[in-house]
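As structure tokens, the structure follows; a few thoughts come after it.
Residue numbers (this note's numbering): 5 to 156.
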């Protein structure tokens with residue numbers, strides 16, 4: 005992503021994960037939440053950072069692309085993207101009905117930040133208070149049995 009700036013990727017992921025959690029806790033009918041990459045836009049900041057580099061071989065995106073995508077992403081038509089991260093440069097028809105859309109329909113974690121193997125669809129990895137108390141009671145019972153047998 006940006007090897008000379010490792011914190012860049014970490015902060016992007018962290019902020020996207022925060023927004024993803026807000027989306028999880030918020031109905032899309034109350035607030036549509038979609039994170040998206042705006043594309044490679046030739047801004048003044050990009051020009052400043054690149055310096056006098058020849059940019060003729062770089063394919064920059066139209067600056068209107070991200071604005072148009074944001075309007076669409078806020079619509080009911082894009083409700084299936086609620087809580088996901090997408091690219092503004094993506095083909096909207098492909099996102100809706102193509103392979104991407106099909107995968108979104110099948111995988112509730114697709115285009116979301118997470119840890120493979122700890123998917124929300126597996127249920128909460130946290131124990132309820134009752135489950136925790138049962139585990140503690142069971143482990144204390146095992147300890148009593150062990151300490152009793154040690155004295156024999």
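Each residue gets a CB set at the ideal place from its N, CA and C atoms; glycine is no exception. From a predicted model like this one, the values you see are computed outputs, not experimental measurements.
Inset, instruction - Count the other C-beta atoms from every protein chain shown that fall within 10 angstroms of the C-beta of residue 99, then say buried if there are 16 or more, exposed otherwise. - result: buried
Inset, instruction - Give the DSSP-derived three-state secondary structure of residue 114 in the structure shown. - result: coil
Legend entry - Of the listed residues 104, 115 and 85, nearest to residue 32 (C-alpha basis): 85
Inset, instruction - Below 6 Å CB to CB, which residues in the same chain sit around residue 44 once its five sequence neighbours on both sides are set aside? - result: 64 and 65
Inset, instruction - Please name the residue or residues paired with residue 72 in a DSSP beta bridge. - result: Partner(s): none; residue 72 has no beta bridge.
Inset, instruction - Given a cut-off of 9 Å, decide if residue 40 and residue 79 are closer than it, judged by their beta-carbon atoms. - result: no
Inset, instruction - Tell me whether residue 45 sits in a helix, a strand or coil according to DSSP, three-state version. - result: coil
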